[in-house]
Amino acid sequence: MKSSAVLALLALALLGAACQNRRLMSHANLESPNGKIRLHFFLTSAGEPGYAVFYANQTVIDSSTLGFTLKNAPALRGGFEVDKSETRSFDETWQTVWGERSRIRNHYHELTVHLREKAAPNRLMDIVFRAYDDGVAFYYYIPEQPGIPREFVIMEEHTEFQFTGDHQAVWLPADVDSYEYLYETTPLSRIDASKYAPENERVDRAIRNFKACNTPITMKTAQGLYISLHEARQLDYPDMTLALNAPLKLVSELVPWADGDRVKATLPLRTPWRTITISDWAGGLVESNLILNLNDPNKISDVSFIQPMIYSGIWWEMHIGKTTWRREFVQGSWSNMGGQLHGATTENAKRYIDFNAANGIRGLLIEGWNTGWEYWGMDTIGFFDFVTPYPDFDLPEVVRYARQKGVAIIGHHETSGDVENYEKHIEKAFQLYKDLGIQVVKTGYAGEIRPKGERHHGQYMIRHYQKVAELAARYNIAINAHESAKDTGLRRTWPNFMTRECMRGGEYEAWSDGNPPNHTVNMAFTRYLGGPGDYTPGIFDVMLRPYRHKERVHTTIAKQLALMVVLYSPLQMAADLPENYEGKPAFQFIRDLVADWDESKVLNAELGDYITIARKARGQDKWFIGSITDEHARQLQANLGFLDPGKTYVATIYADGPDADWERNPTPVSIRKVLVNNRSTLPIELAPGGGMAVYIGPASAEDLHNLTILGGIGRK
33 MKSSAVLALL
43 ALALLGAACQ
53 NRRLMSHANL
63 ESPNGKIRLH
73 FFLTSAGEPG
83 YAVFYANQTV
93 IDSSTLGFTL
103 KNAPALRGGF
113 EVDKSETRSF
123 DETWQTVWGE
133 RSRIRNHYHE
143 LTVHLREKAA
153 PNRLMDIVFR
163 AYDDGVAFYY
173 YIPEQPGIPR
183 EFVIMEEHTE
193 FQFTGDHQAV
203 WLPADVDSYE
213 YLYETTPLSR
223 IDASKYAPEN
233 ERVDRAIRNF
243 KACNTPITMK
253 TAQGLYISLH
263 EARQLDYPDM
273 TLALNAPLKL
283 VSELVPWADG
293 DRVKATLPLR
303 TPWRTITISD
313 WAGGLVESNL
323 ILNLNDPNKI
333 SDVSFIQPMI
343 YSGIWWEMHI
353 GKTTWRREFV
363 QGSWSNMGGQ
373 LHGATTENAK
383 RYIDFNAANG
393 IRGLLIEGWN
403 TGWEYWGMDT
413 IGFFDFVTPY
423 PDFDLPEVVR
433 YARQKGVAII
443 GHHETSGDVE
453 NYEKHIEKAF
463 QLYKDLGIQV
473 VKTGYAGEIR
483 PKGERHHGQY
493 MIRHYQKVAE
503 LAARYNIAIN
513 AHESAKDTGL
523 RRTWPNFMTR
533 ECMRGGEYEA
543 WSDGNPPNHT
553 VNMAFTRYLG
563 GPGDYTPGIF
573 DVMLRPYRHK
583 ERVHTTIAKQ
593 LALMVVLYSP
603 LQMAADLPEN
613 YEGKPAFQFI
623 RDLVADWDES
633 KVLNAELGDY
643 ITIARKARGQ
653 DKWFIGSITD
663 EHARQLQANL
673 GFLDPGKTYV
683 ATIYADGPDA
693 DWERNPTPVS
703 IRKVLVNNRS
713 TLPIELAPGG
723 GMAVYIGPAS
733 AEDLHNLTIL
743 GGIGRK
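What follows is the structure, encoded as structure tokens:
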């Protein structure tokens, strides 16, 4: 019997097992281009649409049904028949504007199922499925039709993900206002965020279901398969959280409007993609292009203003309490971190500009330059106008001085969650920046959303973030959004929406119990699967002296360097104070670093434990490697087979020094240089909570004379 026939029989047998005695009225099959992933669509005897997913001989998603509950109308969940179905294949390679790689292959097989209700008014709904070699995805499409008003309301989306085992899961609570939590690692059946109940006392936190999680959620099966659930192309639709509906079943829960509606929809409606990334090793999830490929092509014709860069900022000094955002003091402001002097002065900005110019740091973020910070976080509205500087800050002069020195100023718009106020002022603020030649803006939404009752991750705010990105593009401005909704790959369509926070970032090390060593490792397999993030690494004074005495950074210095490679952002911050970099040999790694890549390869990976990533600088024969671990020491190896054959390179290695340990001895950094080629294997020794960063560039004649070659088996 031919192998294809055997696979077909196996698929049908697996489908029968997956459907758990549900009688199928109709079904269709879809395979990935390499044949490893299979998706089966079916209708139950009640006319409910459903699907199952398989990888090789393993069931990834057991039979799971799909549909909607509508407001003041019958649900779109059952009573369907298949009107028709169609398949197609697609294969292209597209060029990125910037990113982890310059060229991406988009190769899939697609199945579209057109459903029609059997009973009048015979409403229509399509479900579009795609199978890639790295996962599957689907979305709902509701066309214009007589049976549904052009404007209608979805009260809930019923997308199920039924699993067959109690997989190890790495997840965040389903807070509808924030992702700023540490990751939990539990069996799937034990998703429970009850310990975070006190967070709901904050105005910018809201966990509505403690038995639910945000996406991406990443899992490892007992058989060694890795699965991550997320969404792609989120436009005019709220965040999807996932509720533990049964011990092994996750079901979508959408973030509501203030009035309880989930989606205020207009026909035709196309939902975001629901994505299932699948790999037989942890690094495959990180290398996946699934999320990006599911988004529409670039809509910005002139992208010359979009420039990836390393940047510094008048920012960390406020978090550690050296200076403040505000110029005047008002009790109760969030800007009171302990500093007494205003940070964003003309004099201080020029000091940073001089430092950046001397060290090749392209960008400078300045926070706290505009009036209103004395009321930040208070129950007061309209205190930011985004254009009026404090008296001690001369914005045009700072921009002029920076331009003279070859430094790009990064603007800042903190809204404090007062979106209504921001939308009144945004065009004037963007025009100011355009007139000054500022082409990047960091936006912030740290606070309760106004209008009250709306949530950071609800449809109201999804519309707002998209409005800001599109408006910014008109003014030739790129966006770095903080406290926004998670990334779902829209950077492909709007490449000026460059990076986001959407995590418990590095600032938590300055004024809380901090981020434990496994936090950044967990993020590499969860948060960063959605897209770039502004974590703000690069801290050298990990003990935060003399400004903090209880708080500290929970890594070694070498790991701070490695994070700048592992946790990707096209706007990558070297977050520490200039004085903490001056005279430090390890700072050379940041001087050499870039923020835009031709290739990215995962060399070592295990969910929640460690990861090693190599990235090739865009348009240059230079590679950078970052390797990080959790609280455990590791001995790994990096095969350098990705280097061009026949060439010899110099590897400058920034490793944890002797007896380094994030807790007891975090500061030693060992720096050495060796010759390497594509037959070399680089030993990686990571201290507890540690890391290693490597810069690889072509060897000079002097290097060939003075340095020793690292052999293919690690021989020095």
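The numbering of the sequence shown is my numbering, which starts it at 33 and goes up by one.
All residues carry an ideal CB built from backbone N, CA and C; glycine is no exception.
- Secondary structure at Asn368: coil, using DSSP grouped into helix, strand and coil.
- The alpha helix (DSSP H) runs of length 4 or more contained entirely in the stretch 503-583 are, from start to end of the chain, 540-543, 550-556 and 559-562.
- Under the three-state reduction of DSSP, Arg623 is assigned to helix.
- A check of alpha carbon separations from Gly565 across Ile511, Thr588, Gly615 and Tyr579 identifies Ile511 as the nearest.
- For Asp467, the secondary structure class from DSSP, reduced to helix, strand or coil, is helix.
- In chain order, Leu396, Val430, Tyr433, Ala434, Lys437 and Val439 place their CB closer than 8 Å to the CB of Ile385, counting only its own chain and leaving out the 5 sequence neighbours on each side.
- Contact between Pro205 and Pro178 is absent: CB atoms are separated by about 42 Å, not below the 8 Å threshold.
- In the structure shown, Lys474 falls within a strand segment according to DSSP collapsed to helix, strand and coil.
- DSSP, reduced to helix, strand and coil, places Ala637 within a strand of the structure shown.
- For Asn738, the uninterrupted alpha helix (DSSP H) run begins and ends at Ala733 to Asn738, by DSSP.
- Residue Ala376 holds the alpha-carbon nearest to the alpha-carbon of Tyr422 among Ala151, Asn380, Ala665 and Ala376.
- Counting only runs of 3+ residues, the beta strand (DSSP E) found wholly inside the stretch 280-352 occupies 281-286, 295-298, 305-311 and 341-346, in chain order.
- Sequence-distant partners of His139 (beyond 5 residues in either direction) whose C-beta falls short of 6 Å from its own C-beta, in its chain, are Pro65 and Asp123.
- Rounded to whole angstroms, the Cβ separation of Met251 and Gln200 is 6 Å, and the two are in contact under 8 Å.
- A distance of 8 Å or more separates the beta carbons of Tyr477 and Gly521.
- Closest by C-alpha distance to Asn508, out of Glu638, Tyr228 and Asp467, is Asp467.
- Per DSSP, Tyr213 lies in no beta strand (DSSP E) segment and is marked neither H nor E.
- Ile223 and Leu276 have their alpha carbons spaced roughly 7 Å apart.
- Bounds of any beta strand (DSSP E) do not take in Lys382; it lies within the alpha helix (DSSP H) bounded by Thr378 to Asn391.
- The residue among Val419, Asp328, Ile645 and Thr475 with its C-alpha nearest the C-alpha of Trp526 is Asp328.
- With respect to Thr307, Leu322 sits close: the two C-beta atoms are nearer than 8 Å.
- Here Glu113 is near Arg148, since their CB atoms are less than 8 Å apart.
- Ile223 carries a coil assignment under DSSP once its states are collapsed to helix, strand and coil.
- In the structure shown, Gln363 falls within a coil segment according to DSSP collapsed to helix, strand and coil.
- The stretch 577-584 makes no contact with the stretch 638-655, as fewer than three CB pairs between them are under 8 Å.
- Sequence-distant Cβ neighbours of Ala60 in its own chain, meaning closer than 7 Å and more than five residues away, are Phe73, Ser117, Leu143 and Val145.
- By alpha-carbon distance to Ala594, the top candidate from Ala618, Arg577 and Pro578 is Ala618.
- Fewer than three pairs of CB atoms, one per stretch, sit closer than 8 Å, so the stretch 162-174 makes no contact with the stretch 212-232.
- Look at Phe195 here: in three-state DSSP terms it is coil, with no helix or strand label.
- In this model, Ser732 and Thr680 are separated by some 9 Å (Cα to Cα).
- Under the three-state reduction of DSSP output, Leu204 falls in the coil class, being neither helix nor strand.
- Taking a 10 Å sphere around the C-beta of Asn738, we find fewer than 16 other C-beta atoms and assign the residue as exposed.
- Under the DSSP assignment, Ile589 falls in the alpha helix (DSSP H) whose first and last residues are Ile589 to Val598.
- The alpha-carbon of Tyr228 is positioned some 11 Å away from that of Asn241.
- Proximity of the stretch 282-294 to the stretch 486-497 meets the contact definition, three or more beta-carbon pairs being nearer than 8 Å.
- Excluding the 5 residues flanking it on each side, Ile442 has same chain C-beta neighbours closer than 8 Å at Tyr343, Gly345, Gly395, Leu396, Leu397, Ile398, Ile470, Val472, Val473, Lys474, Asn512 and Leu603, in chain order.
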